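Enquirer: Numbering (my numbering), first residue to last: 591 to 840. Pasting in a structure now, in structure tokens, and then I'll have a few things to ask.
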Amino acid sequence: MDSVRSPEWPPAPLSGLSANSAAARYGTPTGATPATGRATPPTTNPAPPAGPRHGTPNAGPGRSTPPIPVKILVAGGFGVGKTTTVGAISEIAPLTTEAEMTSAGIGIDDPGARSGKTTTTVAMDFGCVTIDRSLKLYLFGTPGQNRFGFMWDDLARGALGALVVVDSSRLDDCYPAIDFFERAGLPFVVGVNAFDGRLAVDLPSIRWALAISDQVPLVQFDARDWLSVRDALLVVLDRALDRATRDRRD
């Protein structure tokens, strides 16, 4: 994917805010005396010790191949839980670009009536998680407001899949993200964030309202829970691997 058009964000409704020693490797320890009473034959060039040589970091059984990096986007509308999702799963302190919301955003940034959100992402979120010895996910959270839509092309470059986070009480907010990934041809999964542990409508109704095909996975998850976020990301990974396998066969 080279470039796709940034999402056409609809105008927001007017509303309020919400044991390896040097002695063993290099010879006799300092101060030690050799054994006496028996002639010691002169030594010639000894064989080098077994193991990896200096300068060949991946040689030998003691070395392992670094995990394959996989870029995943976490996208969606404003205030749906993208930053929370990245922070819940990241094995490092996540990089965030949160800024305090001010009165200038009244009527422009609406996090929803159930949200106590007081900050907003102005660039991106970043975190990573190691799946196993061979795979590591790098997560990029996109900004949700329409004025930052121009950044989506750059953030999506090189990504293998995306998790579109949805608030079931504000489905309209996720339409631009779904349209963006459908136009880009990037595999994505719709993850419905269960605010307060419940959904405003059931999953079949959400699938119908979003008009997504049966091939697009639709899952419920909790953006605050590590295991729940992990399971959702594994669905994204499975979707991306399935697409890559089909493309290789074709």
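Virtual Cβ for every residue (Gly too), placed ideally from N, Cα, C. On a predicted model such as this, the values are computed, not experimentally measured, just so you know.
Beta carbon of residue 669: closer than 8 Å to some heavy atom of the ligand FAD?
Expert: The ligand FAD is not part of the structure shown, which contains no ligands of any sort.
Enquirer: Please confirm whether residue 717 and residue 677 have their CB atoms less than 9 Å apart.
Expert: Yes, the pair counts as a contact, with Cβ atoms nearer than the cut-off.
Enquirer: Please return the same chain residues whose Cβ sits closer than 6 Å to the Cβ of residue 811, not counting the five positions on each side in sequence.
Expert: Once the five neighbours on either side are set aside, the close Cβ partners of residue 811 are 781, 818 and 822.
Enquirer: Suppose the cutoff is 8 Å on Cβ atoms and the five residues either side in sequence are ignored; what does the same chain contact list for residue 719 look like?
Expert: Hits under 8 Å: 679, 680, 681, 726, 727, 729, 820 and 823.
Enquirer: Mind checking whether residue 761 and residue 662 have CB atoms under 9 Å apart?
Expert: No, the Cβ-Cβ distance between residue 761 and residue 662 is not below 9 Å.
Enquirer: Would you check if the distance between the CB atom of residue 752 and the CB atom of residue 777 is smaller than 9 Å?
Expert: Yes, Cβ-Cβ distance for residue 752 and residue 777 is below 9 Å.
Enquirer: For the candidate residues 656, 801 and 774, whose alpha-carbon lies nearest to that of residue 722?
Expert: It is 656.
Enquirer: Kindly list the residues whose CB is nearer than 7 Å to the CB of residue 674, restricted to its own chain and excluding five residues on each side of it in sequence; keep chain order.
Expert: Result list for residue 674: 813 and 814, in chain order.
Enquirer: From the DSSP output, in three-state form, read off residue 644 for me.
Expert: In this prediction, residue 644 scores a pLDDT of 45, lower than 50, which makes its location untrustworthy; the coordinate-derived value is nonetheless stated afterwards. Residue 644: coil per DSSP, three-state reduction.
Enquirer: Taking all protein chains shown into account, decide if residue 660 is buried (16 or more other Cβ within 10 angstroms of its Cβ) or exposed.
Expert: It counts as buried.
Enquirer: Using only alpha-carbon positions, find the residue among 664, 827 and 834 that is nearest to residue 732.
Expert: Closest option to residue 732, Cα to Cα, is 664.
Enquirer: For residue 773, count neighbouring Cβ atoms within 10 angstroms of its own Cβ and tell me buried if that reaches 16, exposed if not.
Expert: Classification for residue 773: exposed.
Enquirer: Is the Cβ-Cβ distance between residue 758 and residue 796 less than 9 Å?
Expert: For residue 758 and residue 796, yes; Cβs fall inside 9 Å.
Enquirer: Answer yes or no: do residue 779 and residue 829 have a C-beta to C-beta separation smaller than 9 Å?
Expert: Yes.
Enquirer: Using a threshold of 9 Å, state whether the C-beta atoms of residue 765 and residue 800 are closer than that.
Expert: Yes.
Enquirer: State the DSSP-derived secondary structure class of residue 794, mapped to helix, strand or coil.
Expert: Note: residue 794 maps to helix in three-state DSSP.
Enquirer: From 654, 669 and 658, pick the residue whose C-alpha is nearest to that of residue 785; which is it?
Expert: The residue with the shortest Cα to Cα distance from residue 785 is 669.
Enquirer: What is the DSSP secondary structure of residue 659, counted as helix, strand or coil?
Expert: If DSSP states are grouped into helix, strand and coil, residue 659 belongs with the strands.
Enquirer: Can you tell me where the alpha helix (DSSP H) with residue 745 in it begins and where it stops?
Expert: That run of the alpha helix (DSSP H) goes 742-746.
Enquirer: Rounded to whole angstroms, what's the CA-CA distance from residue 742 to residue 654? Just pull it up for me.
Expert: Roughly 35 Å between the two C-alpha positions.
Enquirer: By alpha-carbon positions, which one of 685, 744, 836 and 658 ends up nearest to residue 724?
Expert: Closest by alpha carbon: 658.
Enquirer: When the Cα of residue 683 is compared with those of 715, 807, 666 and 839, which residue comes out closest?
Expert: The candidate whose alpha carbon is nearest that of residue 683 is 715.
Enquirer: On a Cα-Cα basis, can you pick out the residue from 805, 836 and 671 that is closest to residue 825?
Expert: Ranking the options by Cα distance to residue 825, first place goes to 805.
Enquirer: Looking at the secondary structure, which residues open and close the alpha helix (DSSP H) in which residue 832 lies?
Expert: Start and end: 816-839.
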